[in-house]
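Going by the numbering used here, the residue at position 74 of the sequence shown is 69; the numbering climbs one at a time, nothing skipped.
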Amino acid sequence: MSNSRLVYSTDVGRVKDDKPEQEVVGDGNVRVRPEKKGRGGKTVTVISGLPLAGNDLKAFAKKLKKRAGGGGSVKEGNIELQGDHVDVMVDVLKKEGYDAKRSGG
-4 MSNSRLVYST
6 DVGRVKDDKP
16 EQEVVGDGNV
26 RVRPEKKGRG
36 GKTVTVISGL
46 PLAGNDLKAF
56 AKKLKKRAGG
66 GGSVKEGNIE
76 LQGDHVDVMV
86 DVLKKEGYDA
96 KRSGG
């Protein structure tokens, strides 16, 4: 065996992640747009500008995915839903109290 050995310390406790909570960025307008570029010709509904972050955004995305009846994800603070659900999502967001607008194509 060489001079390598396991070194550890117990006086530190749990190491916290230095990554801060994602900041909420937006101008108060929630934008809903369809996107096809870079997605193999499939349409994705992108919702941006929501004043939510972290787990709140993920929980809201889950609710919207259920309403759309499909899959989706949260990427870079935007909610991406599979399929073209722009008009439905604008209505749902307005009922939730957000100033939602259709943008893009």
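No residue lacks a Cβ here, since even glycine has one placed at the ideal position from N, Cα and C.
To which residues does DSSP link Lys70 through a beta bridge? To locate residue 70, count along the sequence shown from 1; it is residue 75. BP columns for Lys70 point to Asn73.
Sort Pro46, His80, Asn50, Ala56 by Cα distance to Val39 and report the nearest one. Working through the sequence shown from its first residue, we reach residue 39 at position 44. Looking at the Cα atoms, His80 is the closest of the given residues.
Lys89 versus Gly35: straight-line alpha-carbon distance, rounded: Taking the first residue of the sequence shown as position 1, residue 89 is located at position 94. Taking the first residue of the sequence shown as position 1, residue 35 is located at position 40. If you take the alpha carbons of Lys89 and Gly35, they lie about 30 Å apart.
When you compare only the Cα positions, how much space is there between Asn24 and Tyr93? Reading the sequence shown from its first residue, position 29 is the one you call residue 24. Reading the sequence shown from its first residue, position 98 is the one you call residue 93. Those two C-alpha atoms are separated by around 8 Å.
Using the C-alpha atoms, what's the distance from Arg0 back to Val19? Residue numbering aside, residue 19 sits at position 24 when the sequence shown is read from its first letter. Residue numbering aside, residue 0 sits at position 5 when the sequence shown is read from its first letter. With a pLDDT of only 49 at Val19, under 50, the local geometry of the prediction cannot be trusted, and no value is derived from it.
Helix, strand or coil for Arg97, going by three-state DSSP, please let me know. In the sequence shown, the residue the question calls residue 97 occupies position 102. Residue state, collapsed to three classes: strand.
Within this structure, are the beta carbons of Val41 and Glu75 separated by less than 8 Å? Numbered from its first residue, the sequence shown carries residue 41 at position 46. Numbered from its first residue, the sequence shown carries residue 75 at position 80. Yes, the pair counts as a contact, with Cβ atoms nearer than the cut-off.
Where does Gly65 sit, in a helix, a strand or coil, going by DSSP? Reading the sequence shown from its first residue, position 70 is the one you call residue 65. Three-state result, Gly65: coil.
Just to confirm before moving on: does the CB-CB distance between Arg26 and Gly44 stay below 8 Å? As a working mapping, residue 26 is identified with position 31 in the sequence shown. As a working mapping, residue 44 is identified with position 49 in the sequence shown. Closer than 8 Å, so yes.
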